[in-house]
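Residue numbers (our numbering), protein chains in the order written: chain A, 2 to 125; chain B, 2 to 125; chain C, 2 to 125; chain D, 2 to 125. The structure appears below as structure tokens.
4 protein chains.
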Amino acid sequence: MILLDYRDKRPIYEQVQEKLERLITSGALEADVKMPSVRSLAIELSVNPNTVQRAYTQLEQEGYIYTVSGKGSFVAPAAEWQESKQRQILEEWCELTVRVMETGITKERLMQQMEDIYKEADND
Amino acid sequence: MILLDYRDKRPIYEQVQEKLERLITSGALEADVKMPSVRSLAIELSVNPNTVQRAYTQLEQEGYIYTVSGKGSFVAPAAEWQESKQRQILEEWCELTVRVMETGITKERLMQQMEDIYKEADND
Amino acid sequence: MILLDYRDKRPIYEQVQEKLERLITSGALEADVKMPSVRSLAIELSVNPNTVQRAYTQLEQEGYIYTVSGKGSFVAPAAEWQESKQRQILEEWCELTVRVMETGITKERLMQQMEDIYKEADND
Amino acid sequence: MILLDYRDKRPIYEQVQEKLERLITSGALEADVKMPSVRSLAIELSVNPNTVQRAYTQLEQEGYIYTVSGKGSFVAPAAEWQESKQRQILEEWCELTVRVMETGITKERLMQQMEDIYKEADND
DNA sequence: GTGGTCTAGACCACG
DNA sequence: GTGGTCTAGACCACC
Numbered sequence: 002m003i004l005l006d007y008r009d010k011r012p013i014y015e016q017v018q019e020k021l022e023r024l025i026t027s028g029a030l031e032a033d034v035k036m037p038s039v040r041s042l043a044i045e046l047s048v049n050p051n052t053v054q055r056a057y058t059q060l061e062q063e064g065y066i067y068t069v070s071g072k073g074s075f076v077a078p079a080a081e082w083q084e085s086k087q088r089q090i091l092e093e094w095c096e097l098t099v100r101v102m103e104t105g106i107t108k109e110r111l112m113q114q115m116e117d118i119y120k121e122a123d124n125d
Numbered sequence: 002m003i004l005l006d007y008r009d010k011r012p013i014y015e016q017v018q019e020k021l022e023r024l025i026t027s028g029a030l031e032a033d034v035k036m037p038s039v040r041s042l043a044i045e046l047s048v049n050p051n052t053v054q055r056a057y058t059q060l061e062q063e064g065y066i067y068t069v070s071g072k073g074s075f076v077a078p079a080a081e082w083q084e085s086k087q088r089q090i091l092e093e094w095c096e097l098t099v100r101v102m103e104t105g106i107t108k109e110r111l112m113q114q115m116e117d118i119y120k121e122a123d124n125d
Numbered sequence: 002m003i004l005l006d007y008r009d010k011r012p013i014y015e016q017v018q019e020k021l022e023r024l025i026t027s028g029a030l031e032a033d034v035k036m037p038s039v040r041s042l043a044i045e046l047s048v049n050p051n052t053v054q055r056a057y058t059q060l061e062q063e064g065y066i067y068t069v070s071g072k073g074s075f076v077a078p079a080a081e082w083q084e085s086k087q088r089q090i091l092e093e094w095c096e097l098t099v100r101v102m103e104t105g106i107t108k109e110r111l112m113q114q115m116e117d118i119y120k121e122a123d124n125d
Numbered sequence: 002m003i004l005l006d007y008r009d010k011r012p013i014y015e016q017v018q019e020k021l022e023r024l025i026t027s028g029a030l031e032a033d034v035k036m037p038s039v040r041s042l043a044i045e046l047s048v049n050p051n052t053v054q055r056a057y058t059q060l061e062q063e064g065y066i067y068t069v070s071g072k073g074s075f076v077a078p079a080a081e082w083q084e085s086k087q088r089q090i091l092e093e094w095c096e097l098t099v100r101v102m103e104t105g106i107t108k109e110r111l112m113q114q115m116e117d118i119y120k121e122a123d124n125d
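Right under this line is the structure:
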């Protein structure tokens, strides 16, 4: 389910966090579904439970999951994070697009790329 | 000219490198223009000369500047880095665009944003 | 294991880098074997850890080793560097061969030398 | 006659020395021909006379030229340097060939390259 | 004055 | 314990 890259320079907990976040924001994990327990995920990934715990803590702080004492962690409803996530990533996207433009890539070229990306997604 | 963010997780030398790289790739610094000397930039930014040196070394390895020992460092002609830079940043852009799409932002919304970005640049 | 030549004009970090690179490309160090830690090698060579660090950083940038933060550095699989290494060294070899030829050494003489080199390697 | 590369990391005097040495060892400059004066070559190359002087001094020490007070410098007869030069460059060539072999390039591949190099030289 | 290298010693994040 | 970053201060070659 999650593949770790130990040669990646980012810390392990950040990779775990990012993969889980993507599974949630892309809709692969639906609202109120139970997340795997810290311990079981740690075993599955062969990492220290502290590492998984840290990822979960971050996800909770950012509103992607919520924890029920003694029950476990659950995926938060999209309503709680979707808007801020969209605002954040859109801002990031605009900044990157400006930089792309500065390197001399034309609007037409980008439009074409974007068409391809959305078309490929439709086929899946 | 360059503002450092000490709260940023990224190392200082990388921030310096990235800012200078952007000044070069955006055309703000023209080919064969002399870069500030390692020492003077270090003083201006209140960092150790070694830190600036490291940024310069990286920029040289990636082809954005060239060094004439005893004279200083100079901006490399665009021909030497433009193509690889465009390929690199376009790849980055595509990955980010996929993630944007996954959060449910429509193609039309992105198209509009892109129009705005390119239009604003034309007015400058 | 590694001998430094302080009379050599080349910097120390480059000597270290070159020796390690040769150990790797010649197959003496196999893929995924752990390299000595920065600190231990620094002590062994009686140089500053920063110097060894620099050699390792370069080796990583050129794809000969990979680093797992907190664990150490490891030899990268040959598949990742062999092709580019062969291209690089073959180019170097051709240039040198041209210069050898210019000094008046005959093709037959070189052929003989080459036979000897490959024959000696077979006996090992 | 000589093209300097200011972006080369080697010092200027070394580039001048190396180019002149090649002109001599390849036979382009014949024995007892007068070398350009330090001053005139310095002007031609737009460099400091000290730089040219240093190159000449080195060339003299290594036996490629000789100086007659008040007359200038002259190309030394091949007899004085050819043997040691051939020995030196052949040794260098053998070491490099060993390294080439270690990277897994076959003898046949090198033979082919060598044929090409000598054939191309014959056509000139 | 310029870039380049090196040392000594410190601090941090990571797992 | 590991790699990574940073500072302070020194020395060198080059032109």
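The C-beta atom is built at its ideal place from N, Cα and C for all residues, glycine as well. Just so it is clear, the structure is predicted and the values come from calculations on it, not from any experiment.
DSSP places A/Lys10 outside both helix and strand once states are collapsed to three, so it counts as coil. Counted as a single uninterrupted DSSP element, the alpha helix (DSSP H) harbouring C/Thr58 occupies residues 50-62. Under DSSP, D/Lys72 shares a beta bridge with no residue.
The alpha-carbon separation between B/Leu91 and A/Val101 amounts to approximately 7 Å. Scanning A/Met2, A/Arg8, A/Val53, A/Tyr7 for the CA closest to the CA of A/Ala29 turns up A/Met2.
Within its own chain, the residues whose Cβ lies closer than 8 Å to the Cβ of C/Glu61, once the five positions on either side in sequence are excluded, are Tyr67, Thr68, Ser74, listed in chain order. Close to chain A, meaning a Cβ-Cβ distance shorter than 8 Å, is no residue of the region 6-34 of chain C at all. Here D/Gly105 is near C/Gln83, since their CB atoms are less than 8 Å apart.
Take the alpha-carbon of A/Ala32 and the one of A/Lys86: they are about 16 Å apart. Residues of chain D with a Cβ closer than 7 Å to the Cβ of B/Tyr65 do not exist, since the nearest Cβ in that chain sits about 13 Å away.
Note on A/Ala77: 16 or more other CB atoms within 10 angstroms of its CB, so buried under the neighbour-count rule. Between C/Gln16 and C/Gln59, the gap from beta carbon to beta carbon reaches 8 Å or more.
Using a Cβ distance threshold of 8 Å, A/Val39 and A/Tyr65 do not count as a contacting pair. Exposure of B/Ile44 is indicated by the presence of fewer than 16 other C-beta atoms within 10 angstroms of its C-beta. Counting along the chain, the unbroken alpha helix (DSSP H) around B/Ser41 starts and ends at 39-46. Within chain C, the residues whose beta carbon sits less than 7 Å from that of D/Met102 are Ile118, Tyr119, Ala122, listed in sequence order. The three-state reading of DSSP puts A/Tyr119 in helix, counting H, G and I together. Distance check between D/Gly71 and each of D/Ala122, D/Lys10, D/Lys35 places D/Lys35 closest, using alpha-carbon atoms only.
With respect to C/Leu46, C/Leu5 sits close: the two C-beta atoms are nearer than 8 Å. Identification of chain B residues near A/Glu93 by a Cβ-Cβ cut-off of 8 Å yields Leu97, ordered along the chain. Scanning chain C for C-beta atoms nearer than 9 Å to the C-beta of D/Gln83 yields Thr104, Gly105, reported in chain order. With a threshold of 8 Å between beta carbons, A/Ile90 makes contact with chain B. The C-beta distance from D/Met115 to C/Thr107 rounds to 11 Å, too long to meet the 8 Å contact threshold.
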